[in-house]
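All remarks here apply to the structure that follows.
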Amino acid sequence: MGTYIIRRLLQMIPVILGATFLIFAMVFALPGDPLAGKCGERPCPPQYAAAFREKYNLNDPLPVQYGKYLGNLAKGDLGETYNGIKVSEQLKLRYPITAKLAVMAILFESIIGIFAGVLTGIRKGGFLDNLVLVSTLVVISIPVFVIGGLAQYFLGVKLGLFPVTVTSTDPTVYELALPAMVLGSLSLAYVTRLTRTNLTENLRADYVRTAVSKGLTRRRAIGLHAMRNSLIPVVTFIGFDFGALLGGAIVTERIFNIPGIGGYIYNSIRSRDGASVVGAVTVLVIVYLFVNLLVDLLYGLLDPRISHD
Amino acid sequence: MTEAAIAEISVTDNYEGGDVNEERSLASDAWRAMRRNPLFWVSATMITIFALMAIWPSLFTSTNPTDAILAQSRERPNANAWFGRDIQGYDIYARCVYGARASILVGVLCTLGTVLIGGIVGVMSGYQGGWLDSLMSRIGDVFFAIPLLLGAIIFLVSLPDFFNDNYFLVVLKVVLALVILGWPSLARLMRSSVIQVKPNDYVQAARALGASPNRIVRSHILPNSLAPVIVVATINLGAYIAAEATLSFLGIGLQYPAISWGIDISAALVGLRTTPHMLFFPSVFLSMAVLAFIMLGDVVRDALDPKNR
Amino acid sequence: MTTQDTKPRSKTSGSEYTYTPEDGLLLEVEDLFVEFRTRDGVATAINGVSFNLHQGESLAILGESGSGKSVTAQAIMGILDMPPAVIPNGHIRYCGQDLLSMPDEQRRLTRGPEVSMIFQDALSSLNPVFPVGWQIAEMFRTHRGMNKSDALEQAIRLMERVSIPAARDRVKAYPHQFSGGMRQRIMIAMAIALDPAVLIADEPTTALDVTVQAQIMALLQELQEERQMGLILITHDLGVVADVADRIAVMYAGRLVETATVHELYAAPAHPYTRGLLESIPRLDQKGQTLAAIGGLPPNLMRIPEGCAFNPRCRMAQDVCRTDRPPLHEVVPGRFSACHFAEEVINA
């Protein structure tokens, strides 16, 4: 098992390298001035431009540029905005908020999603089943920001159930409740459908028939035998879906004015602060990669059919 | 299993019922199954309407979407402007209709691009195997490391003022971003589909008869591995429309002179409390468009699924 | 062969119900009807089937796909999906008590300790995410209330009994880590764990190699003799039947068409269908001749032909066959056949 973990870790290294290279290529290697659009509406102040060129060796050939870029990344140096604010400082301030939001969203989508999926998986074809099918289809179709806007209007403005926007710099769970539900809504729909499909499929499986003929209660045959098989792909899905969550966080934080990393990225886009955008997104990508790795390992643990050698 | 018993019944049924010479190919079976599904007609109608809106917007409205009547800005829906006017005085209904073009264009072009590139790479990977496959898989892994939205943000942030005057080029910029980041997932799908088809006897037979690889791929492998790709491509069309809208919502997707539902929704958020109609109508249009394609994808999947027949 | 043992089966069972076979009669299927109600119609999968099973006896139910043999087994076990399955008529008596009218909970408790079943594909019939020892031990944990370690000890014992090498080490392994034959042994271990009186084997060797087939059948026979179980062997393979079975019941289109002892059946079948089956077995001394086959196809169970179900395919069919359904009658003492012309068939 230990070697399995180490092997996966090693396998991740080229992927991280590749991803950072891709990001680097998009930022620095595309035609056009890398400084364009990094300093707001106006051209960059000359000191910043000179320092930028110096730091990223824009006069050197591309591979050297990449090397320097990677070196900086490894040191945790994500660059500075044109006002001289260190990007990494900003991220350190903001990531707890986004983390809180993300965790709440994941809890929301898993618990309700699995619950709804199991209910409809067992009782296929009923009224509840059709209701869930239709509503999940609708939720999947409506982009997150539309759900966010509509939720903000109906639940926030009209019904007053939740605060319309977040006003404090350290939001409470209550303040983040509506944004978390919005953020998790898309994944919730997928989790429900996935659980439902897996469960109905597994309920028809031969080993469930064996369980019944062993004289086990129906509850045990479904609740233990079928469920364990059905939930494994769902758990891994929740992990892999994390990437969508990160993208959705940007949108959600914008709508609800949450001072997390997503909001930071949005504001930086608005003010054309390219350095911040790239720095923050790079961090998100690396986080995503590690979450993926964790989920992969978890999957290897849960499903004995995955070989561990 | 009882299912087998019932399946046995249907097998014998065919012998007595259908005409022996009746053509029962997968495509015709699927088409028949689709026609019987009411959701197929619903989504097909919706898609046709949106396509018409995209090609001939003047069929639906005679108002010019760029005619701003500032004096009537933020006007509620009334007889002159069915959906009211937005903050700059544009007729919202006209903007909704004209906005279809950008969305459909992006959706169609992205799907075409990813299917072409991903399909070709996937077929080569799956069929040839070997070092080409390993290389492509590694490259795909790198792309998968970057969530679609995040990657698109970086790409578009680095090309801020490129192509900003021409409608078509603005759209192309977004399409490019999404295609570059989206082709690997289709490549992976095509690859696994090809790998499942390759060991089949009819492929071996074609090989034994001396068919060239080109012919084998074209006549035997492609038609049989297309099914999952078609389903995913259809659903992805909807997803790309949503992605474009999200990027425009964040301010780095389409910009003037393009008209996009995402832009309108973004602008409408500010006036949520007082003028919800500005948010509501573009949201509905966007959701319907995405829903139509996802619904169609679901229908196609059910029609092609041998277990449902 | 059949022992007339009236000794009650005493076991340390967790259930408060006791079952005592009278004259060694374990199972009595009487006039069983099973229908499947679907949107397209009603399929009669079992159309008035009756047979008995005694202690120590092996009964083979022979038939092709769609004959209803598996459905019979599942009806006895009570694992049919109801709906769409419906049992409009008939009795299934275990030790004199009707399983069909039993309360659900009592019926459930018969599965495992009294009546047990093994299935064709052991890989899909075992749960892939639990260790095999755990799955065998589950029988003891749920039915006998044993704790985990005791139950696991029992599981190891059973695995050794069915000749799985290095059982103690392999008890934590997963189904996919075993070969096909080993997996089937694990299923057998699971099925006999609580010492059931009746064991139903639904095509246990169809998915296995010929050599492994022989081993598994030998194991089943051994266990049967050791525990004096009644064995119902469901198969379409005449070769497998010849070795193991005492009696054979041939099914066609949901009906029993013939019952006899193995020797009698092979020597002189009493029904045209059975005759057709035997004649279609390829023989080593039949070189250069076309293989005999029974023409036509099994009937659609929603539209069973009038009269004798086999009449469209029968070489000997007469008018009476197309109108009157032949009852299962005793042709010769101990042999039953559902053919109007059974005597002619026997003597042919």
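Residue numbers (the working numbering), protein chains in the order written: chain A, 327 to 635; chain B, 2 to 310; chain C, 107 to 454. Where a beta carbon is used, it is the ideal one built from N, C-alpha and C, also for glycine. From a predicted model like this one, the values you see are computed outputs, not experimental measurements.
- Chain-order list of chain B residues neighbouring residue 352 of chain A: 152, 155, 156 and 159, by C-beta distance under 8 Å.
- Looking at C/185, C/373 and C/241, the one whose alpha-carbon comes closest to that of residue 265 of chain C is C/241.
- The alpha-carbon separation between residue 607 of chain A and residue 169 of chain B amounts to approximately 28 Å.
- The DSSP-derived three-state label of residue 385 of chain C is helix.
- If the five residues before and after residue 246 of chain C are omitted, its C-beta is found closer than 6 Å to the C-beta atoms of 252, 257 and 260, all from its own chain and listed in chain order.
- By DSSP's assignment, residue 159 of chain C forms a beta bridge with C/133.
- For the region 532-557 of chain A, the beta-carbon criterion of a distance under 8 Å to any beta-carbon of chain C is satisfied by 532, 533, 535, 536, 537, 538, 539, 540, 541, 542, 543, 546, 551, 554 and 555.
- Just measuring C-alpha positions, the residue of C/448, C/319, C/430 and C/205 sitting nearest residue 436 of chain C is C/448.
- For residue 143 of chain B, the C-beta contacts it makes with chain A under 7 Å involve 341, 344, 345 and 348, in order along the chain.
- Within its own chain, the residues whose Cβ lies closer than 6 Å to the Cβ of residue 177 of chain C, once the five positions on either side in sequence are excluded, are 140, 151 and 152, listed in chain order.
- Leaving aside the five residues that flank residue 577 of chain A on each side, the residues in its chain whose CB is nearer than 6 Å to its CB run, in chain order, 470 and 471.
- Only 628, 629, 630 and 631 from the region 620-635 of chain A bring a Cβ to less than 8 Å from some Cβ of chain C.
- Interface with chain B (9 Å Cβ-Cβ cutoff): residue 572 of chain A is included.
- In the structure shown, residue 58 of chain B adopts helical secondary structure according to DSSP, grouped into three states.
- Assigned with DSSP and collapsed to three states, residue 244 of chain C falls in helix.
- Contact check for residue 166 of chain C against residue 350 of chain C passes: the beta carbons are separated by less than 9 Å.
- Looking at A/422, A/503 and A/517, the one whose alpha-carbon comes closest to that of residue 496 of chain A is A/422.
- Boundaries cannot be given for residue 187 of chain C, as no alpha helix (DSSP H) includes it and DSSP labels it neither H nor E.
- In the displayed model, residue 170 of chain C falls within coil according to three-state DSSP, outside both helix and strand.
- Using a Cβ-Cβ distance cut-off of 8 Å, the region 194-202 of chain B and the region 65-78 of chain B are not in contact, since fewer than three pairs of beta carbons, one from each stretch, lie closer than that value.
- Your pair residue 255 of chain B and residue 245 of chain B checks out as a contact, with CB atoms roughly 7 Å apart and the cut at 8 Å.
- By the Cβ test, the region 170-190 of chain C is in contact with the region 333-342 of chain C, since at least three Cβ pairs between them sit closer than 8 Å.
- Bridge partners of residue 362 of chain C according to DSSP: C/357.
- With three or more CB-CB distances shorter than 8 Å, the region 615-630 of chain A counts as touching the region 331-338 of chain A.
- In this structure, residue 400 of chain A and residue 147 of chain B do not form a Cβ contact; the two beta carbons are roughly 19 Å apart against a cut-off of 8 Å.
- Secondary structure note for residue 268 of chain B: its alpha helix (DSSP H) is the uninterrupted segment 262-270.
- Residue 165 of chain C is bridged by DSSP to C/338 and C/353.
- If you draw a 10 Å sphere on the C-beta of residue 250 of chain C, you find 16 or more other C-beta atoms in it, and that means buried.
- Counting only residues of its own chain and dropping the five nearest sequence neighbours on each side, residue 552 of chain A has a CB closer than 6 Å to the CB of 528, 529 and 534.
- The three-state secondary structure of residue 148 of chain B, taken from DSSP, is coil.
- In the same chain as residue 432 of chain C, and ignoring 5 residues on each side of it, the C-beta atoms closer than 6 Å to its own belong to 414, 444, 445 and 446, in chain order.
- In the pairwise beta carbon analysis, the region 129-147 of chain C is classified as touching the region 187-196 of chain C: at least three pairs are separated by under 8 Å.
- Nearest Cα to residue 279 of chain B within the set B/190, B/53, B/38 and B/76: B/76.
- A direct Cα-Cα distance of roughly 7 Å separates residue 144 of chain C from residue 190 of chain C.
- Distance from residue 277 of chain B to residue 266 of chain B at the Cβ level is roughly 12 Å; contact not present, criterion being Cβ atoms closer than 8 Å.
- Non-local beta-carbon contacts of residue 169 of chain C in its own chain, meaning distances under 7 Å to residues more than five positions away in sequence, involve 175, 342, 356, 357 and 358 in chain order.
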